[in-house]
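Visitor: For the sequence shown, position 194 (counting from the first letter as 1) is numbered 193 according to the numbering used here, and the numbering increases by one without interruption. Here a beta-carbon is modelled for each residue, glycine too, at the ideal position from N, C-alpha and C.
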Amino acid sequence: MKILLLNQTFYPDSVATAQQLTDLATYLVQKGHDVSVIAGRRGYENKEAIFASRETFRGIKIYRLQTTGFGKQRFALRLFDALTFDLMLVLKLLFFPPQDIVVSFTSPPLIGFLGGCFCRLKGGRAVQWLMDINPAAAFAVGYLKRTSLVGRALNWAFRASLRSSSHIVVLDKWMKKVAVEYGGSQDKISVIHPWSLFEPSEGPVDPSESCFRKKNDLMNKTLIMYSGNHSVVHPLATLLQAAKQMRADSSIVFVFVGGGLRSLEVKAFKEKENLSNIVQLPLVPREQLTDSLTSVDAHIVVMGDAVNGLVHTSKVYGAIATGKPIIYIGPKKSHVMDLLINCKQTHHSEHGDVESVVDAISQIKVLSKETKERVATENKMFYRNQFSAEKCFAVFSEEVLRMPIDRFELEPTILSDVPI
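Structure representation (structure tokens):
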């Protein structure tokens, strides 16, 4: 089967969406499909990074488009980058051979509409995999006015793309509800959650052996980590205020790993308050991800109140896979809480409730070694039973590709050794 995947980012970009799409493409090639990917040449966070215009990676044919790279500091410039990508994609698709299935992800916003147009012109089934729901998320955070010309145009294109899709993939039940409200048909929507970018370790992890701790001079510290995209849709103010309130305890360090617009907010807050208990680090290469994520004492997961059902905080899967305690800051009615009610040592705080975050960190700091090991065992087991990549791929094969397979006899993913 000829399958075309459309997304702004792909291997070797290090953002989570690019890595998960690379996992999916690798799996499809393993299953004998002819897989092509059209993505952008520029890095998602680092716009100065330029990748090859064409290459073959593990049997995946990759075509990359040259676009502008103004970055994400201003919405107008970000929109211009997206429009140049869409324009180059139109030109590429005009001369691209017909495909059996075209899977469009959601970056940039018009990509699903263009994938649907390609299938109408050249045949094949159009599938939309909604990693987030735009332009609704842009409306929710005030990036774009619903009544503006651009807002109305994007809204129309998104509704049209859902109605014309042969199948729609969403990440949780809340997103499914919104997709139906936008015109998606209930009977052609599948819920396929993301997966962790690493597999849980079998036994307990000794923090004293962590290369991440040693490299960053974090030995003998209680590490509270926020790792991943510092997106504008996920407010960090409550977490930052908790760091400020706990500044007197030198044994506790708040580690922010990754980039995004709110990383500038973290930097400004740290400098303004002169906080030595905040450490900012760049994204960790995938081959080092297991070490960094398992080296901490607790993970922070954040989701904005306004974007429930519009975006999906995928970092929660990696947090569960580590077996570490988790502090979630965000709305109680959300996909995050749907998951965490099944895990041990999870703490929930609403935005603005700084005291409950401080209390949770204080409790986690004094957990016994036995409790930590028990929590790790149970949370890792929950992840393996529910959220492995193989199970996600099985659902994709059965419900989207319409190729029934035994989901419990899948080959393991082989991307863990890829230097990203």
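Give me, in chain order, the residues of the same chain whose beta-carbon lies closer than 8 angstroms to that of E272; leave out the 5 immediate sequence neighbours on both sides.
Guide: Around E272: K243, R246.
Visitor: When you compare only the Cα positions, how much space is there between S415 and R73?
Guide: Per-residue confidence for S415 stands at a pLDDT of 36, beneath the threshold of 50, marking its modelled position as unreliable; no derived number is given.
Visitor: When burial is assigned at 16 or more other CB atoms within 10 Å of the CB, is E44 buried or exposed?
Guide: Buried: at least 16 other Cβ atoms inside 10 Å.
Visitor: Should I326 and A297 be called a contact, given that it needs their Cβ atoms to be closer than 8 angstroms?
Guide: Yes, the Cβ-Cβ distance between I326 and A297 is below 8 angstroms.
Visitor: Comparing C-alpha positions only, which one of A375, P134, Q344 sits nearest to S200?
Guide: Among A375, P134, Q344, the Cα nearest to that of S200 belongs to A375.
Visitor: Can you give me the C-alpha to C-alpha distance between E377 and S355, rounded to a whole angstrom?
Guide: Roughly 24 angstroms between the two C-alpha positions.
Visitor: Give the list of continuous beta strand (DSSP E) stretches no shorter than 3 residues that lie fully inside the segment 315-394.
Guide: Complete beta strand (DSSP E) runs here, min 3: 325-328, 345-348.
Visitor: If you check the beta carbons only, do N215 and V14 fall under 8 angstroms apart?
Guide: Contact flag unset, no.
Visitor: Provide the residue span of the beta strand (DSSP E) that contains E54, from first to last.
Guide: First-last of the beta strand (DSSP E) with E54: 53-56.
Visitor: Count the other CB atoms, across all protein chains shown, that sit within 10 Å of the CB of K332; report buried if there are 16 or more and exposed otherwise.
Guide: Exposed.
Visitor: Pull up the CB-CB distance for L238 and V177, whole angstroms please, since I reckon it's below 8 angstroms.
Guide: Going by Cβ atoms, the distance from L238 to V177 rounds to 26 angstroms, so no, they are not a contact pair.
Visitor: Taking the straight line between their C-alpha atoms, what separation do you get for I223 and L120?
Guide: Distance between the alpha carbons of I223 and L120 is about 51 angstroms.
Visitor: Can you tell me the Cβ-Cβ gap for I363 and P324, rounded? I've got them flagged as a contact below 8 angstroms.
Guide: With 8 angstroms as the limit, I363 and P324 qualify as a contact, their Cβ atoms being about 5 angstroms apart.
Visitor: Going by DSSP, what residues sit across from V169 in a beta bridge?
Guide: Note: V169 sits in a beta bridge opposite V190.
Visitor: Return helix, strand or coil for I110, following the three-state DSSP convention.
Guide: Of the three classes helix, strand and coil, the one that applies to I110 here is helix, per DSSP.
Visitor: Quick one: give me the first and last residue of the alpha helix (DSSP H) that F197 is part of.
Guide: It is not in any alpha helix (DSSP H) - F197 carries neither H nor E in the DSSP assignment.
Visitor: Report the three-state DSSP secondary structure of T8 (helix, strand or coil).
Guide: Coil.
Visitor: Measuring alpha carbon to alpha carbon, tell me which residue in F395, S226, K343 is nearest V283.
Guide: Of F395, S226, K343, the residue nearest in Cα terms is S226.
Visitor: For I61 versus A81, is the C-beta spacing smaller than 8 angstroms?
Guide: Going by C-beta atoms, I61 is not nearer than 8 angstroms to A81.
Visitor: Using a threshold of 8 angstroms, state whether the C-beta atoms of W173 and H334 are closer than that.
Guide: Going by C-beta atoms, W173 is nearer than 8 angstroms to H334.
Visitor: So, helix, strand or coil for T67, using DSSP?
Guide: Coil, per DSSP.
Visitor: Is the beta carbon of I277 less than 8 angstroms from the beta carbon of V265?
Guide: Yes; because the gap between Cβ atoms is below 8 angstroms, this pair is in contact.
Visitor: State the beta-bridge partners of D33 as determined by DSSP.
Guide: Answer by DSSP bridge pairing, in chain order: K1.
Visitor: Based on Cα-Cα distance, which residue from A359, A152, V179 lies nearest to L129?
Guide: Among A359, A152, V179, the Cα nearest to that of L129 is on V179.
Visitor: Under 8 angstroms between the Cβ atoms of V89 and V126?
Guide: Cβ atoms of V89 and V126: not closer than 8 angstroms.
Visitor: P234: buried (16+ other C-beta within 10 angstroms of its C-beta) or exposed?
Guide: With 16 or more other Cβ atoms within 10 Å, it is buried.
Visitor: For G303, I'd like the list of residues in its chain whose CB is within less than 6 angstroms of its CB, leaving aside the five on either flank, ordered along the chain.
Guide: The answer, listed in chain order, is V232, H233, P234.
Visitor: DSSP three-state label for A125, please.
Guide: Of the three classes helix, strand and coil, the one that applies to A125 here is strand, per DSSP.
Visitor: What's the C-alpha gap between T412 and A135?
Guide: Since pLDDT at T412 reaches only 38, below the 50 mark, its modelled position is unreliable, and no value is offered.
Visitor: Is the separation between the beta-carbon of A24 and that of V36 shorter than 8 angstroms?
Guide: Yes, the Cβ-Cβ distance between A24 and V36 is below 8 angstroms.
Visitor: Just the C-alpha distance for V400 and V190, rounded to the nearest angstrom, thanks.
Guide: Reading off the sequence, residue 400 comes out as Leu, not Val. Going by the C-alpha atoms only, they are around 14 angstroms apart.
Visitor: Could you tell me the alpha carbon to alpha carbon distance between L292 and T321, rounded to whole angstroms?
Guide: So the two alpha carbons sit approximately 7 angstroms from each other.
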